[in-house]
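Take a look at the structure set out below.
In the working numbering, the protein residues as written are 1 to 107.
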């Protein structure tokens with residue numbers, strides 16, 4: 001593979017990865033859209049390209065930063081969902097509602 005072909009192949013691989021990250025970011029923005037249209041293809045890293053060209057490193061780093069930010073947001077939302085489910089369970093069982101020990105009849 002020549003230098004130009006190698007760079008173009010890496011650029012195409014980064015294009016695919018960036019589309020994958022954009023899809024996750026869009027899902028986080030609009031949860032209902034994702035439920036109706038789940039992702040069709042999950043990005044798979046290329047195995048035959050060799051080392052990343054140096055001039056593409058800033059772009060790859062920016063994509064990685066976006067991936068990490070999206071992963072953190074997914075983890076945050078999973079935690080919030082788990083907490084909400086716990087509270088819902090307590091409400092349904094009456095565990096969250098504290099029963100009075102006595103009734104004040106002075107009023």
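Note that CB positions come from ideal geometry on N, CA and C, so glycine has one too.
Spatial neighbours of residue i in its chain, beta-carbon cut-off 6 Å, leaving aside the 5 residues before and after
i, result
"residue 20", "43"
"residue 22", "none"
Alpha-carbon to alpha-carbon, residue j and residue i
i, j, result
"residue 108", "residue 6", "The chain is shown from 1 up to 107; residue 108 falls before or after that span and cannot be answered."
"residue 54", "residue 70", "25 Å"
"residue 82", "residue 73", "14 Å"
"residue 88", "residue 75", "20 Å"
"residue 8", "residue 85", "47 Å"
"residue 46", "residue 3", "17 Å"
Whether residue i touches residue j by CB criterion (8 Å)
i, j, result
"residue 10", "residue 64", "no"
"residue 66", "residue 25", "yes"
Residue span of the alpha helix (DSSP H) that contains residue i, given as start and end
i, result
"residue 3", "3-29"
**OP:** Determine contact between the segment 2-20 and the segment 46-63, defined as no fewer than three beta-carbon pairs at a distance below 8 Å.
**Re:** yes
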